[in-house]
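Shown next, in structure tokens, is the structure this report addresses.
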Ligand SMILES: [Zn+2]
Ligand SMILES: [Zn+2]
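Numbering (the working numbering), first residue to last: 12 to 221.
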């Protein structure tokens with residue numbers, strides 16, 4: 012009844028077996044199959060990582076998702092990232108076996124679209140906030156938090172005599188901010204250029220805060 016592992020001759024009375032192989036040889040086999048460096052593309056400006064069509068915070072969930080994509084059909088459960096090493100457990104669902112393993116991560120620098128735009132002073136819309144300083148500042152802060160929350164950005168904030176101009180990265184987000192806060196801006200449009208043969212406009216939202 013006692014099984015002998017065909018690789019190392021360990022016996023099933025002392026070791027767990029997965030099929031005909033002992034646990035130690037099964038673990039070695041799993042490790043050998045997933046043994047490769049994991050490449051992660053990282054934005055050198057904001058540190059977010061690409062997974063795979065978008066950029067996400069460089070946290071454990073992101074790292075785990077990237078590794079899982081690269082070692083299919085095995086799965087990886089991340090313990091922790093230490094320096095350039097992702098320590099955790101590789102799971103082989105077909106054998107219901109798992110092995111501790113640490114992946115070496117090689118980071119590839121890039122600039123994400125958001126940071127590239129930010130660096131170039133990109134903006135699609137301007138909020139012209141006018142009125143008392145306190146109200147203007149409060150509204151500018153709200154715009155800033157709103158855009159950052161949705162991974163967009165403020166490219167410039169300029170104080171003028173009777174208010175502040177806030178230059179923002181997205182017309183779509185600007186419109187949703189206006190709607191959500193039930194603001195009644197005076198809209199105007201400035202021709203910016205051509206994009207795919209179409210005229211492209213920047214929106215200006217003039218808002219009185221009295
Ligand atoms: Zn064995
Ligand atoms: Zn970035």
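Where a beta carbon is used, it is the ideal one built from N, C-alpha and C, also for glycine. Just so it is clear, the structure is predicted and the values come from calculations on it, not from any experiment.
From which residue to which residue does the beta strand (DSSP E) around residue i run?
| i | result |
| --- | --- |
| residue 116 | 108–121 |
| residue 198 | 197–206 |
| residue 178 | 174–179 |
| residue 102 | 96–103 |
| residue 140 | 136–142 |
| residue 89 | 86–93 |
| residue 35 | It is not in any beta strand (DSSP E) - residue 35 instead sits in the alpha helix (DSSP H) that spans 34–44. |
| residue 166 | 165–171 |
| residue 215 | 209–220 |
| residue 52 | 49–54 |
From residue i to residue j, what does the alpha carbon distance come to, in whole angstroms?
| i | j | result |
| --- | --- | --- |
| residue 211 | residue 199 | 13 Å |
| residue 122 | residue 139 | 30 Å |
| residue 34 | residue 28 | 5 Å |
| residue 26 | residue 126 | 53 Å |
| residue 64 | residue 81 | 15 Å |
| residue 12 | residue 94 | 47 Å |
Going by CA-CA distance only, name the one from the options that's closest to residue i.
| i | options | result |
| --- | --- | --- |
| residue 112 | 119, 125, 89 and 126 | 89 |
| residue 204 | 134, 72, 73 and 188 | 134 |
| residue 181 | 149, 132, 81 and 73 | 132 |
| residue 49 | 39, 55, 40 and 60 | 60 |
| residue 116 | 167, 47, 72 and 184 | 47 |
| residue 118 | 179, 54, 151 and 14 | 54 |
| residue 43 | 102, 186 and 149 | 102 |
| residue 51 | 68, 38 and 39 | 68 |
| residue 83 | 72, 25, 105 and 93 | 105 |
| residue 161 | 72, 145, 167 and 184 | 184 |
| residue 30 | 39, 24, 142 and 14 | 14 |
Residue range of the alpha helix (DSSP H) that residue i falls in?
| i | result |
| --- | --- |
| residue 71 | 71–81 |
| residue 189 | 182–191 |
Residue i and residue j look like a contact to me (Cβ under 8 Å); what is the Cβ gap, rounded to whole Å?
| i | j | result |
| --- | --- | --- |
| residue 36 | residue 57 | Their Cβ separation, rounded to whole angstroms, is 44 Å, which puts residue 36 and residue 57 out of contact at 8 Å. |
| residue 137 | residue 215 | 5 Å |
| residue 41 | residue 151 | Their Cβ separation, rounded to whole angstroms, is 54 Å, which puts residue 41 and residue 151 out of contact at 8 Å. |
| residue 213 | residue 201 | 5 Å |
Handout entry: Pocket of ligand 2 defined by Cβ to heavy atom distance under 6 Å
Key = 54, 56, 57, 59, 123, 125 and 126
Practice task
For ligand 1, enumerate in chain order all residues having a CB closer than 5 Å to any of its heavy atoms.
Solution key: 16, 18, 19, 21, 33 and 36
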